[in-house]
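Heads up, the thing below is written out as structure tokens.
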Amino acid sequence: MTFGSVVKLQHVPSKYFLHSHQISWGSGSGQQSVTAHGSADDRGGLWVVAEGDNDPFKEGGSPVACGTAIRLGHMETSKNLHSHFFSSPLSNQQEVSCFGDGGRGDSGDNWEVVCMAPGAKFWRRGDEVRFKHKDTGRFLQTEAKHRFTQKNCPNCPIVGQQEVFCHQTGGAETVWKAVQGIFIHPRSDEDSGHDEL
């Protein structure tokens, strides 16, 4: 995985995809909602991998090392994946939202890439990872049992999608992987010597 790549992130246990849209939470922060969507073709599931808030700029194609703080920018709305101490609507865990404007936000947008492969030094496409929220130390999670239905969210536009929230422990339901996207290849030393456009 490299900075500048545009990815779809799949929750490994449920097979749903991290998603956002121009729909605000009706409770908690009132910020743009984040859910998990069942379709891989959903256009609201594209995220740009960027350097952490207030971190030095990372050139496109730079590899993402395990333990690095990143931001995940939502392609469709230009807001960042975010968390804070508001309660989520279904599980009453820590709310996840999208926040900021044009990629600008705050430290609540920073997520540490926790690689699960033994000895891994870099986040690799298809590898299982966790995302640990830097400000609160909690892990990005979703679960099939926290799905929006007509019973818990009557006639709302996110019926069928799953709540995304942060949980204090990094259990089995906090595992994600990048499965699709536009991946920027790392620059090689050979590339740096060429002047062609």
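Quick note on numbering: numbering that gives the first Met the number 0 labels position 76 of the sequence shown as 75, and the sequence is numbered without any gaps. Glycine included, C-beta positions come from ideal geometry on N, C-alpha and C.
Shown here, T141 sits in a strand according to DSSP, grouped into three states.
N79 is bridged by DSSP to G72, F98. Shortest Cα-Cα distance from C155 to any of Q161, F147, E162 involves F147. Your pair F138 and C165 checks out as a contact, with CB atoms roughly 6 Å apart and the cut at 8 Å. The C-beta of N151 has fewer than 16 other C-beta atoms within 10 Å across all chains shown, which makes the residue exposed. In this structure T34 is in contact with V163, their Cβ atoms being roughly 6 Å apart against a cut-off of 8 Å. In the assembly as shown, H145 is a buried residue. Its beta-carbon has 16 or more other beta-carbons within 10 Å. D108 counts as buried, since at least 16 other C-beta atoms from the protein chains shown sit within 10 angstroms of its C-beta. At a cut-off of 3 residues, the continuous stretches assigned as beta strand (DSSP E) that sit fully inside the region 11-93 are 16-23, 31-36, 46-50, 68-73, 79-86. Residue burial annotation: H81 is buried, with at least 16 other C-beta atoms found within 10 angstroms of its C-beta.
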